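Novice: In this note's numbering, the protein residues as written are 1 to 127.
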């Protein structure tokens, strides 16, 4: 009777192991499309099944626009304007809502200590 239980236990253990491995491994990255020209950069990414997001960055004005695209049948397809923002000040922040273990300031100080960056007073951006 014990011999009959062993194969069942092995099959159940293998199935459970397979599920655990599938759960523990990272999910594969989804393909993203990107294109750019002298002024615009566009990046599309799948948001959920049948819905993609399109990010368009105007490199001259530093404005970001976001669109949501829905697929499906001919009558169900649509592109919805989600929002836009002037990101020129956003990109000047060293950190905002940053949950990193090391802040940008601490990282910069460590790089400066090791001589990998010039001290801030020697850096200039022309302003």
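C-beta atoms are modelled at their ideal positions from N, C-alpha and C, and glycine is treated no differently.
As the structure is a prediction and not an experimental result, all values here were calculated from the model.
Considering just the uninterrupted stretch of the alpha helix (DSSP H) at residue 111, what are its terminal residues?
Specialist: From DSSP, the alpha helix (DSSP H) with residue 111 extends over 104-113.
Novice: Give the DSSP-derived three-state secondary structure of residue 94 in the structure shown.
Specialist: Residue 94 falls in the coil class under three-state DSSP.
Novice: Going by C-alpha to C-alpha distance, which of 84, 46, 51 sits closest to residue 63?
Specialist: Out of 84, 46, 51, 84 has the C-alpha closest to the C-alpha of residue 63.
Novice: Give me the residue from 80, 108, 50, 66 with the minimum Cα distance to residue 56.
Specialist: Comparing Cα-Cα distances from residue 56 to each of 80, 108, 50, 66, the minimum goes to 66.
Novice: Can you give me the C-alpha to C-alpha distance between residue 109 and residue 59, rounded to a whole angstrom?
Specialist: Distance between the alpha carbons of residue 109 and residue 59 is about 30 Å.
Novice: For my contact list, residue 88 and residue 95 are in at a C-beta cut-off of 8 Å; report their separation, rounded to the angstrom.
Specialist: The pair is not a contact, with the Cβ atoms about 17 Å apart (cut-off 8 Å).
Novice: Any idea what DSSP makes of residue 54, helix, strand or coil?
Specialist: If DSSP states are grouped into helix, strand and coil, residue 54 belongs with the strands.
Novice: Is DSSP giving residue 85 helix, strand or coil here?
Specialist: If DSSP states are grouped into helix, strand and coil, residue 85 belongs with the strands.
Novice: Should residue 70 and residue 82 be called a contact, given that it needs their Cβ atoms to be closer than 7 Å?
Specialist: Taking 7 Å as the Cβ cut-off, residue 70 and residue 82 do not qualify as a contacting pair.
Novice: Closest to residue 80 by C-alpha separation, out of 101, 54, 86, would be which residue?
Specialist: The shortest Cα separation from residue 80 among 101, 54, 86 belongs to 54.
Novice: Using DSSP with H/G/I as helix, E/B as strand and the rest coil, what is residue 42?
Specialist: Residue 42: strand per DSSP, three-state reduction.
Novice: State the beta-bridge partners of residue 64 as determined by DSSP.
Specialist: Bridge partners of residue 64: 57, 85.
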